[in-house]
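Reading through the C-alpha cells given below for one structure.
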C-alpha cells in the first residue's frame, strides 16, 4: 500500500490538540465577550489580550506536560490522586461550566440564523440532527481534521479588523496601557474574559487528546509549539474582535444589547457582506464547539467514575455516556424554544461562570503538576508556580468581589 | 465485612485510649487470592507510622484500637512487594480479565478469613460511588446493586510501587492469556499509555503467538505504534513473521517509514519479500488485503497426495477454507473445498474433483467489488489473479468483515 502522505499524516497526528483548543476556544462566547469588551470599553481593555494569552499558554502547557509525562487523562488523575469526593465536585463544576458553554453555542447558532434570515426552529433542529449524526458516527479523532479546516473562518475577523482602518497608533498605545477599575461591570468583564479564554473544558480536552495520541516525552517540544500557536491564534482573534467592536460600536456610542448589532455595525466600515461573514463565523465556531465540548465532557465524567464510554458502544452498554451527550444537545436545542431569552446576557453569564469555576480545576492542576511522584524532573519550576498561583488568587479574589460586593454594599 | 473507604481517615487509639493518629493506608501482602492485611499506615501530626496487624485490637468504621501502648510502637517496614490499598489500588483503573474489560476500583472489601483480615473483593460498580458520596438513597431508588470482582481476576499494571516482574508474568499466565485476543485487544485499547506498555512488554515475552493475534485486532494506528514502541525490534520481527502477510502489511502501514525499513531488514527474506510486495499495492484495493501465501496443489495430484501436502504446510495458514489447483507456473486451474477432499476416495485425481469456473478479482479491484463478489457467491475466500490468470493471492472473509463493521 503506497504511503500516501503517511509521514505527513503522522506529523499531523501529533500536532493539533493545542491549536484546536485555541481555535475552538474562540467560540460564540468569545465573540460575544470580546465584542462586549470593545463596545463598552473601547480600546481601554485591549491591554488584557497579551497577559491572558500568556496565561492561556502557561496553563495549556501544564496540562499538556501532565498528559505527556503521566500518560493519563486529567479526570483520571484527579480521581486517582485526590479521591472520590474531590473528583465529584470537580466533575460537577465541569459539567455545569461546559453545559452553560454548550447552550451558549446553540444561542449563537440561533443568532446566526437570524442574521442569515433563516427560519430558526426548523434550521436549528436540522442542525442538531446533523450534529448528533456526526458525533455518533464519526470518531472523536476524525472530527479534528474537519475542525482544522473550519479554522480558516477566523480569518474573516482579521480581515474585518483591517478593513475598518483603525487608528493604529491609538491601538498600539492601548495594548501596553493597563487600566483597572473596581466597578462591578469591570470586574465582571474581567472574569468573563478569563472564563472565555481559559475555559475548564480546554484543560480536559487537550490532555485527553494528547493521551489518546499516545504522545511521549520526546514530543514535548513539538507540543509546546502546538500550544503556543493555539494560544497566539486565540490571542490574535480576540485582539481583532475587540478592535472591530471598539471602532464600530464604541466609536459610534451604540448601545450593545444583542449580537446582531455587532454584525450590523460592521456594514459601514466593512461592507454589506459583513453580517453574512459574521454569521458564518458564528455558525462555524458554534458547530466546532458543539462537536468538541459535549463529547469531551462525557468522556471526562465517565472516565472519572469508571463508567463505560465511547460512541462505539450502544446506549445499553454505556448509558451514562450517552445521557451526558444527550442532555447537552437536548438542553441546547431547548433554549431555542424558550421565548424571549436574552441571548447575549446568557452567553455573557456562561463566560462568567466559567471564569468563576476555573480556579477549581486550576488548583487541582497546579498540585498535580508539582508532584515529583507523577512528574519527576518535569514538575513545575518556582516561576511557573508563582505566575499560575498568582493568577488563581487574582481570579478567586475577583470572583469573590463580584459575588459579595452587591451583598455588602 | 468492612470497606477500605470506611477505614481511611478514622482515628486509631492505643490500649490506653491515647490518640495515635488516623489511618491513611492499609497494607496487604499479595501472596494469595485473598491478600492478608499486614499493617496500617497511620499519620500523626505530619509523620507517618506503620503499625503491624498483630498490634491491632479492633478495626472499626468510626475508630480502631491497638492492643499495645503508643510508647511500645515499633516501627514496621513494609516489604518491597507489599500492596498499599489506598495509594496503589483504590480509585485506580485496573484490568478485569474475567470480564475482559477495564474498570475502576471504587472500593475494596475486607473480611476475616480465620484470624486474618483479608482483601475479599473489589467493588467496581456505581453502588460504591454513591455510598461513598453519602448518596445511598440513589442506590435504593434506582436499585443499584454492587458489582464485585475477585482479586485473582485483577491485574494492576502501574502503581507508585511497581509490581514485580514475577507478579506481572503470573497475571499474564493465569488470566490474560486465556482471553480471546479480540478481548485482550479491547482491554489494551482502553488502558492508559503506561499500563499498555507494561502489559504488551510482558505479553510479548510470554507468548509471541498471542501478541501477534492481539496485534491483528487492534484498530487504532496510534495504539499500534505505541505497542511497537514497547517491544524490542527482535520481538517485533518475530511477531510480524508469525502473522499472515496481509495482516503484517496492514500493521506495517501504520508505522513510520524508518521503523518499517528496520523491521523488514531483520526479517527472513521470503517474509520481507512478500511484505514489500503487499506494501507496494495501492490502499483500498483487493491486492492490499490479499495473502500471497496460497495453499495449492497440482491438478495431477491424488487426494492422498494433496492431503499429505496440506499436512506439511498447514502451519503457515491461520485458516484453510479452500484448496487451489494451480499448474507448476502458478496458473489458476480450479478450486476445491476441504470438505470435498475429506469425503473423496484417496486415489481420485484432483483435476476430476475441482471446480474449474472460478470467481476472481484483479489486484486493482476495489474493496467494494471484493465484498460484493464474496457475498453474491457465498465465498469464504476470493482469488486475486492477474490478466494471465496467475494466482497472486487470496482474500479471506474475516479480513473483509472488518471493512463492513469497523467499530466492532
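Protein chains in written order, with my numbering: chain C, 1 to 409; chain X, 1001 to 1408. Yeah, the Cβ is synthetic: ideal placement off N, Cα and C, and Gly gets one too.
Taking 8 Å as the upper bound for CB-CB distance, residue 71 of chain C and residue 292 of chain C are not in contact here, some 22 Å apart. The three-state secondary structure of residue 164 of chain C, taken from DSSP, is coil. Contact annotation, residue 355 of chain C with residue 192 of chain C: C-beta distance approximately 6 Å; criterion of less than 8 Å satisfied.
Beta-bridge partners assigned by DSSP to residue 1075 of chain X: none are found. Residue-level contact check: residue 213 of chain C touches chain X, since one or more beta carbons of chain X fall below 8 Å from its beta carbon. With a threshold of 16 other beta carbon atoms within 10 Å, residue 91 of chain C meets it and is buried. Under the Cβ criterion (8 Å, minimum of three pairs), the region 1095-1114 of chain X does not count as touching the region 1039-1053 of chain X.
If you ignore the 5 residues before and after residue 188 of chain C, its C-beta comes within less than 7 Å of the C-beta of 352, 402, all in its own chain and listed in chain order.
For residue 171 of chain C, the closest C-alpha among the options C:400, C:243, C:87 is that of C:243.
Counted as a single uninterrupted DSSP element, the alpha helix (DSSP H) harbouring residue 1304 of chain X occupies residues 1303-1313.
Under the criterion of beta carbons closer than 8 Å, residue 1068 of chain X and residue 1082 of chain X do not qualify as touching, at roughly 21 Å. Counting along the chain, residue 354 of chain C sits inside the alpha helix (DSSP H) bounded by residues 343-369. For residue 1226 of chain X, the C-beta contacts it makes with chain C under 8 Å involve 214, in order along the chain. C-alpha of residue 88 of chain C to C-alpha of residue 232 of chain C: approximately 33 Å in a straight line. With the criterion set as a beta carbon lying under 9 Å from some beta carbon of chain C, the members of the region 1174-1205 of chain X are 1190, 1192, 1193, 1194, 1195, 1196, 1197, in sequence order. Per DSSP, the beta bridge partners of residue 1116 of chain X are X:1113.
With a minimum length of 4 residues, the unbroken runs of alpha helix (DSSP H) contained wholly in the region 1187-1258 of chain X fall at 1193-1206, 1208-1217, 1221-1230, 1233-1242, 1245-1254. The C-alpha of residue 1016 of chain X lies about 14 Å from the C-alpha of residue 1058 of chain X.
For residue 84 of chain C, at least one C-beta of chain X is nearer than 8 Å to its own C-beta.
Across the region 297-330 of chain C, CB contacts with chain X closer than 7 Å involve 305, 306, 312, in sequence order along the chain.
When Cβ pairs closer than 8 Å are counted between the two stretches, the region 382-396 of chain C is seen not to touch the region 221-239 of chain C, the count staying below three. Beta-bridge partners of residue 1056 of chain X (DSSP): X:1066.
Runs of the beta strand (DSSP E) lying entirely within the region 50-124 of chain C, each at least 3 residues long, are absent. The alpha-carbon separation between residue 200 of chain C and residue 63 of chain C amounts to approximately 11 Å.
Residues of the region 39-73 of chain C with a C-beta less than 7 Å from any C-beta of chain X: 71, 72, listed in chain order. Per DSSP, residue 1384 of chain X is one residue of the beta strand (DSSP E) stretching across 1381-1385. In the same chain as residue 217 of chain C, and ignoring 5 residues on each side of it, the C-beta atoms closer than 8 Å to its own belong to 68, 69, 378, in chain order. Note on residue 1290 of chain X: 16 or more other CB atoms within 10 angstroms of its CB, so buried under the neighbour-count rule.
Ranking X:1369, X:1361, X:1321, X:1257 by CA distance to the CA of residue 1392 of chain X puts X:1361 first.
A straight-line Cα-Cα distance of about 40 Å links residue 1039 of chain X and residue 386 of chain C. For residue 1104 of chain X, the enclosing beta strand (DSSP E) begins and ends at 1101-1104. If you draw a straight line from the Cα of residue 360 of chain C to the Cα of residue 1273 of chain X, it comes to about 58 Å. Sequence-distant partners of residue 1111 of chain X (beyond 5 residues in either direction) whose C-beta falls short of 6 Å from its own C-beta, in its chain, are 1001, 1120. By the Cβ criterion, the region 328-338 of chain C is not in contact with the region 47-59 of chain C, since fewer than three pairs of Cβ atoms, one from each stretch, lie closer than 8 Å.
Within the DSSP bridge table, the entry for residue 1393 of chain X names X:1384 as partners.
Cβ-Cβ distances below 6 Å link residue 1007 of chain X to 1023 in the same chain, with the five nearest sequence neighbours on each side left out; the list follows chain order.
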